[in-house]
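First up is the structure itself, then whatever we jot down about it.
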Amino acid sequence: MEPLNHASGGPHGSARNLPTESGWDVFSQLWRKCGYGAARGRLLFVVCLLLICGTAAFIGIVPTRIFGHDNFLWLGNGWRVYCGQRPHVDFYSPWGPLAFLIVGLGMFVSNASPNALGYGSAMFGLFVGLWAYRLGRNRLEAAPRILVGLYLALLVTAPYALGTWPIWSTHAMLANRYAFALVGLVLIECMQRAEGTESNAGELLGGLSTGTAMALALFTKASYFGVCVPIVGASLVFRGLNRRRLGGLAAGFGVVALAVLAYLSFDVVGVVQDLRMAADARSKAMGVLNLVKIFVAEATSLAVVIALYLYGSSPYKRKGRWLEEHELLIWGLLVFLADAMLISSNMQERGMPLLGVYGIVFASRIIAERRRAGCAAPRSEKQRCIFVLLLCGFLSLPQLCSDVVGLGYGAIEKAYPSAARSRVRFSVPRLGSMILYDGPFDKRANGGVYTARINEGIALLKRYCGPGDRVINMDMVNPFPYALGWRPAHGGVAAVAYNYLFTAELHPSDEEYFGDATVVMVPKEPALEQDYYDGYYRIYHPALLERYRLAAESESWRLYELK
Numbered sequence: 013m014e015p016l017n018h019a020s021g022g023p024h025g026s027a028r029n030l031p032t033e034s035g036w037d038v039f040s041q042l043w044r045k046c047g048y049g050a051a052r053g054r055l056l057f058v059v060c061l062l063l064i065c066g067t068a069a070f071i072g073i074v075p076t077r078i079f080g081h082d083n084f085l086w087l088g089n090g091w092r093v094y095c096g097q098r099p100h101v102d103f104y105s106p107w108g109p110l111a112f113l114i115v116g117l118g119m120f121v122s123n124a125s126p127n128a129l130g131y132g133s134a135m136f137g138l139f140v141g142l143w144a145y146r147l148g149r150n151r152l153e154a155a156p157r158i159l160v161g162l163y164l165a166l167l168v169t170a171p172y173a174l175g176t177w178p179i180w181s182t183h184a185m186l187a188n189r190y191a192f193a194l195v196g197l198v199l200i201e202c203m204q205r206a207e208g209t210e211s212n213a214g215e216l217l218g219g220l221s222t223g224t225a226m227a228l229a230l231f232t233k234a235s236y237f238g239v240c241v242p243i244v245g246a247s248l249v250f251r252g253l254n255r256r257r258l259g260g261l262a263a264g265f266g267v268v269a270l271a272v273l274a275y276l277s278f279d280v281v282g283v284v285q286d287l288r289m290a291a292d293a294r295s296k297a298m299g300v301l302n303l304v305k306i307f308v309a310e311a312t313s314l315a316v317v318i319a320l321y322l323y324g325s326s327p328y329k330r331k332g333r334w335l336e337e338h339e340l341l342i343w344g345l346l347v348f349l350a351d352a353m354l355i356s357s358n359m360q361e362r363g364m365p366l367l368g369v370y371g372i373v374f375a376s377r378i379i380a381e382r383r384r385a386g387c388a389a390p391r392s393e394k395q396r397c398i399f400v401l402l403l404c405g406f407l408s409l410p411q412l413c414s415d416v417v418g419l420g421y422g423a424i425e426k427a428y429p430s431a432a433r434s435r436v437r438f439s440v441p442r443l444g445s446m447i448l449y450d451g452p453f454d455k456r457a458n459g460g461v462y463t464a465r466i467n468e469g470i471a472l473l474k475r476y477c478g479p480g481d482r483v484i485n486m487d488m489v490n491p492f493p494y495a496l497g498w499r500p501a502h503g504g505v506a507a508v509a510y511n512y513l514f515t516a517e518l519h520p521s522d523e524e525y526f527g528d529a530t531v532v533m534v535p536k537e538p539a540l541e542q543d544y545y546d547g548y549y550r551i552y553h554p555a556l557l558e559r560y561r562l563a564a565e566s567e568s569w570r571l572y573e574l575k
């Protein structure tokens, strides 16, 4: 039997010389063969990535089963950006501009079609997938490098809300998927340094990658930037203060932050004010009970993290510092807490996307360890490695498989939409490709009931107003300017939810809320849940009556015009 060829060491060594007499070696060859040689691995990755992003582009706007009003959150604010408005500067937004810019780019490509949601996700998924694959060079073994790129691309593009069933198709919580993928990029670089002949190999580029991803996360949702800080801090503890890496971190973060702030006219006060409102509201919405529920729901994942710590380190490894011996446990607990905090702040119940990235990086370490050991490792060590890889799969495969199912199911629904579940369609041509399915719940914000109400509101506006009017809607989102192709009002809010996006103490002023709107639509039965609506309506109702007069009404709407 030929010995293992160590001359091809590093993450791209050859798999041909692995021994083949054990079950471990069969498993290892199948795993590693996916990525070797380099050309075959790249081809496999590119084909799979294009398939994922092409499917997302084909879906465009997915036939929506839940949270249909969230489609208009992204389309309405993407339309604002498309028309030249900027979050924080021209309207209040608890979210940064990145997600709206991606939707605006999708509108540019799709001629302002609702398919902009799928087009934007496809382009961002392609960008993130290529970024992750390049970042994995000299950091991850070949197959995990391919897997993590596809994992993050699927995380961006799968059209369903995180923490729900993958067949509940929707574009709700789009920004959460984008931001989780960015934090995943930070985690890859922080957990695994690049291998090379030089001690500083890849440190500058790694720092640039992490700094850039952190800045993009900040301008997507600030809470995701918040969890990046302890992840980067942990990496500095484990890896030391490398000057090249710190320089890259500062440069990557600084360049992106300056570019975004330039787009926002350096209105730092407006940005901070909006984020402060959102943080105050989210702090009231989170609660300890919600975190406890997440810990209980994800207790199995926590148990797997602990098992990885117990079995992940080779018993033959030389003892080192306390931090080095407990590094795997510290990383696992840190990532688990990061996932739990983000899920809690998003008001989701389940889902641990970052633990999936952790599992793939961990698996890469085990494969590299086995490759270096070669034939010398005893049979018990091979069995341990198989067990650890199975634990890693338990962390990564549920999210990966769920996203594959969600993307595939969305494509089937797009190709073969159900007429039985979508009896009412939107009346304006621009919304012709959008389908909201009827379902057993959430009828006020989805399905035929919601579609009919939007159609009724559009008809009322066409009857009494014109393209020169600037319309806002006293509900969670404002679908009317985008649906009609009218110029959006200057001012207003990206979305409303009392004690979730703003509070009675911290909220946009009357002048900021109404802006230069000439028409205000008030629903008789809002799509927003009453707990989120009543307090918001109490805040702005007096100013509505002071500035506007009732001009017309229909079964579902009251139309107020400027006095």
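According to the numbering used here, the sequence shown is numbered sequentially starting from 13.
We put the CB at the ideal spot given by N, CA and C, even for glycine.
Owing to the predicted nature of the structure, the values given are computational and were not obtained by experimental measurement.
Looking only at its chain, what residues have a beta carbon closer than 8 Å to the beta carbon of residue i, apart from the 5 residues adjacent to it on each side?
i      : result
Tyr428 : none
Ala229 : Ala191, Leu194, Val195, Val198, Tyr236, Phe237, Cys240
Val101 : Leu276, Ser277, Asp279, Gly282
Thr224 : Gly264, Phe265, Val267, Val268
Would the beta-carbon of residue i fall within 7 Å of that of residue j?
i      : j      : result
Ala170 : Ala184 : no
Val508 : Met533 : no
Tyr510 : Tyr560 : no
Arg189 : Val168 : yes
Gly175 : Glu337 : no
Tyr323 : Val400 : yes
Phe79  : Ala293 : no
Ile306 : Ile355 : yes
Gly451 : Arg77  : yes
Gly137 : Cys60  : no
Val316 : Leu403 : yes
Glu310 : Met353 : no
Val417 : Pro178 : yes
Leu113 : Val93  : yes
With a threshold of 7 Å on Cβ separation, who are the neighbours of residue i within its own chain once the five nearest residues in sequence on each side are excluded?
i      : result
Leu367 : Ser313, Val347, Phe348, Asp351, Leu407
Val461 : Lys455
Glu524 : Tyr104, Gly503
DSSP on residue i, reduced to helix/strand/coil?
i      : result
Leu443 : helix
Arg157 : helix
Trp86  : helix
Met605 : Since the displayed the chain opens at 13 and closes at 575, residue 605 lies outside it and no answer follows.
Ala563 : strand
Ser295 : helix
Tyr428 : coil
Tyr131 : helix
Val483 : strand
Pro535 : strand
Ser408 : helix
Thr67  : helix
Thr530 : coil
Phe103 : strand
Leu448 : strand
Tyr545 : helix
Tyr512 : coil
Ser125 : coil
Thr76  : strand
Val489 : coil
Could you check where the alpha helix (DSSP H) with residue i kicks off and where it finishes?
i      : result
Ala191 : 186 to 203
Met353 : 339 to 357
Met4   : The question about residue 4 has no answer, for the chain in this structure spans 13 to 575.
Glu524 : 522 to 526
Leu174 : Counting along the chain, Leu174 falls outside any alpha helix (DSSP H), and DSSP gives it neither H nor E.
Ser235 : 234 to 251
Arg456 : From DSSP, Arg456 is part of no alpha helix (DSSP H); its letter is neither H nor E.
Ala495 : 492 to 496
Arg255 : 255 to 275
Where do the N-terminal and C-terminal ends of the beta strand (DSSP E) with residue i fall, by residue?
i      : result
Ile432 : The amino acid at residue 432 is misidentified as Ile; the sequence shows Ala. Per DSSP, Ala432 belongs to no beta strand (DSSP E) and is neither H nor E.
Met226 : From DSSP, Met226 is part of no beta strand (DSSP E) but of the alpha helix (DSSP H) over 215 to 230.
Glu310 : Counting along the chain, Glu310 falls outside any beta strand (DSSP E), and DSSP gives it neither H nor E.
Arg570 : 569 to 574
Looking only at its chain, what residues have a beta carbon closer than 6 Å to the beta carbon of residue i, apart from the 5 residues adjacent to it on each side?
i      : result
Cys397 : Ile378, Arg382
Tyr494 : Leu87, Gly88, Trp91
Pro156 : Ile372, Ala375, Ser376
Gly108 : Phe231, Thr232
Gly219 : Arg257, Gly260, Leu261
Examine chain D for any beta-carbon lying closer than 7 Å to the beta-carbon of residue i, and answer yes or no.
i      : result
Ala350 : Here there is only one protein chain, and chain D is not present.
Query raised in the report: Contact between the stretch 492 to 507 and the stretch 521 to 540: three or more CB pairs below 8 Å?
Result: yes
Query raised in the report: Is the stretch 249 to 257 in contact with the stretch 115 to 134, if contact means three or more CB pairs nearer than 8 Å?
Result: no
Query - Cβ contact check for the stretch 470 to 478 and the stretch 548 to 566: 3 or more pairs under 8 Å - result: yes
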